[in-house]
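S.K.:
In the numbering used here, the protein residues as written are 7 to 234.
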């Protein structure tokens, strides 16, 4: 490792090990991968000042084929606009690592699915706060199916899902219900994994990586990463 990179990263490694589910070597690999994505010289650049735009973030190899890629980067973005800093990227790779507890994965799955539908709603209805509603489920099924269903089919499927899991007959899936049902799905945790890419077939989306005018305060430290 370059001297500057070693000094910058070593100052934070203890915190990163505490606040993520990654080993020191895994953190270093995530660091190197972000430097690769941001196309920066990590020996001469303060990585805390670098941010991938949303357009760049959704096109990285790790997410490119994921139907929920735009929502994923929005959830992990410290600015909530889909742009990604190193610590946002580190958070994401930690949660999607095989070592992250199932409870943490379920929590983030809910954040990704809740409010995923951004289109118009009948009669001026607003999105259901803190719950996954019929429109969210339709959008989830649409993305998973590759838009192979009609709107009528999507509605029927979404209604069937809600009727199956909505124990309170509220026509929505609360976080408690979501956690209850996914906790009983044995292979959920193993399927909620995104491996770190080696970058050999990266798409050329890093040319306009923005460098912030002011240093970014570390975001990972402000997020709860309970270890179980």
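Even glycine gets a Cβ: it sits at the ideal position worked out from N, Cα and C.
(1) Between 85, 68, 72, 52, which has its C-alpha nearest residue 6's C-alpha?
(2) Which of the three DSSP states, helix, strand or coil, is assigned to residue 127?
(3) Check this for me: beta carbons of residue 178 and residue 161, under 8 Å apart or not?
(4) Mind reading off the beta-carbon distance from residue 194 to residue 108? Whole number of angstroms is fine, and I expect it under 8 Å.
(5) In the structure shown, what three-state DSSP assignment does residue 18 receive?
(6) Which residue from 42, 122, 159 puts its Cα closest to that of residue 91?
(7) Quick one, are the C-beta atoms of residue 81 and residue 63 less than 8 Å apart?
(8) Across which residues does DSSP place residue 91 in a beta bridge pair?
(9) The beta strand (DSSP E) that contains residue 159, what's its start and end?
(10) Apart from the five residues on each side of it in sequence, which residues of its chain come closer than 7 Å, Cβ to Cβ, to residue 7?
(11) Within 8 Å, do at least three Cβ pairs link the segment 30-46 to the segment 116-125?
(12) Is residue 175 helix, strand or coil by DSSP?
M.R.: Taking the structure as given:
(1) Missing from the structure shown is residue 6; the chain here goes from 7 to 234 and no further.
(2) For this step, residue 127 is matched to residue 121 along the chain shown. Coil, per DSSP.
(3) Residue mapping note: residue 178 aligns to position 172 of the chain shown, counting from 1. Residue mapping note: residue 161 aligns to position 155 of the chain shown, counting from 1. Cβ distance not < 8 Å, so residue 178 and residue 161 don't count as in contact.
(4) Residue numbering aside, residue 194 sits at position 188 when the chain shown is read from its first letter. Residue numbering aside, residue 108 sits at position 102 when the chain shown is read from its first letter. The pair is a contact, with the Cβ atoms about 7 Å apart (cut-off 8 Å).
(5) The sequence position of residue 18 within the chain shown is 12, counting from 1. In this structure, residue 18 counts as helix in the three-state DSSP scheme.
(6) Translated into positions along the chain shown, residue 91 becomes position 85. Comparing Cα positions, the closest option is 42.
(7) Here the question's residue 81 lines up with position 75 in the chain shown. Here the question's residue 63 lines up with position 57 in the chain shown. No.
(8) Mapped onto the chain shown, residue 91 falls at position 85. Its beta-bridge partners are 57.
(9) Here residue 159 is taken as the residue at index 153 of the chain shown, counted from 1. Note, residue 159: premise wrong, no beta strand (DSSP E); alpha helix (DSSP H) at 157-171.
(10) Locating residue 7 in the chain shown gives position 1, counting from the first residue. Legend: pLDDT at residue 7 = 43, less than 50; position of this residue unreliable, no value from coordinates given.
(11) No: the two stretches stay apart, fewer than three of their Cβ pairs being nearer than 8 Å.
(12) Translated into positions along the chain shown, residue 175 becomes position 169. In the structure shown, residue 175 sits in coil (DSSP, three-state: anything other than H, G, I, E or B).
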